[in-house]
Every structure is written in structure tokens, then in C-alpha cells.
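In my numbering, the protein residues as written are 155 to 213. Report on one structure; see the data block that follows.
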């Protein structure tokens, strides 16, 4: 589990501007043991198929 994986996931989910994200900027949450389970869950569970698109959000 790493900040690079989180940035890759954001790109897969269609996050606008993901190309300009710096994985080093997201490293700090991974240093906390309490945050690690949530981050691991995010990276292993979220997929484009279970995230709402912008048009679905506005419906």
C-alpha cells in the first residue's frame, strides 16, 4: 500500500487532474497506523464500477 497506488486509483476512478498529482504529497497519511486500514480498504475496494459519474450525481 502506497501513495503511488492511491494516485493510480484516483486516475482509474476518473479524478480530474490526477496526472498532476504527486504521490510524495500523499505519503503522510500512510505513516499513521490508524489510517492505514482505511487507505488499504479504499485502494482495494473502490473501482470505476462502484463510483458515481458526475451525471449520476446530479440526477
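Yeah, the Cβ is synthetic: ideal placement off N, Cα and C, and Gly gets one too.
Determine the DSSP secondary structure at residue 181, reduced to helix, strand or coil. coil
Return the chain-ordered list of same chain residues with a C-beta closer than 7 angstroms to the C-beta of residue 183, the five sequence neighbours on each side being excluded. Counting only residues of its own chain and dropping the five nearest sequence neighbours on each side, residue 183 has a CB closer than 7 angstroms to the CB of 189, 193.
Could you spell out the range, first to last residue, of the alpha helix (DSSP H) harbouring residue 211? 208-212
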